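Numbering (the working numbering), first residue to last: 11 to 68.
Single-structure report; data block below.
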């Protein structure tokens, strides 16, 4: 079964971008807190940060 692609809302993206500017790596407790705040899973937060770091390298 294929997983559906998650589209982040504008508000979620803005918050993630803001956190990323302050800190490129997010710790597990921060990730859990951010996930609860944005109504996402900690895994989604982790992957978003990984992808964002990768995009910056390009």
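For each residue, glycine too, the CB sits at the ideal point set by N, CA and C.
Source: prediction; values computed, not measured.
(message) To the nearest angstrom, how far is the alpha carbon of residue 104 from that of residue 48?
(response) Within the shown structure, residues of the chain are numbered from 11 to 68, placing residue 104 beyond reach of any answer.
(message) Can you confirm whether the segment 32–43 touches the segment 11–23 when touching is taken to mean that 3 or more C-beta pairs between the two stretches lie within less than 8 Å?
(response) Too few Cβ pairs lie closer than 8 Å, so no.
(message) Taking the straight line between their C-alpha atoms, what separation do you get for residue 46 and residue 37?
(response) Taking the chain shown and counting its residues from 1, one reaches residue 46 at position 36. Taking the chain shown and counting its residues from 1, one reaches residue 37 at position 27. Rounded to the nearest whole angstrom, the C-alpha separation of residue 46 and residue 37 is 14 Å.
(request) Take the Cβ of residue 50 as the centre, count every other Cβ of all protein chains shown within 10 Å, and call the residue buried at 16 or more, exposed below. (result) Along the chain shown, read from residue 1 onward, the residue named residue 50 stands at position 40. That one is buried.
(request) Express the C-alpha separation of residue 12 and residue 56 in angstroms, rounding to a whole number. (result) Along the chain shown, one-based indexing puts residue 56 at 46. Along the chain shown, one-based indexing puts residue 12 at 2. Their Cα atoms are separated by approximately 20 Å.
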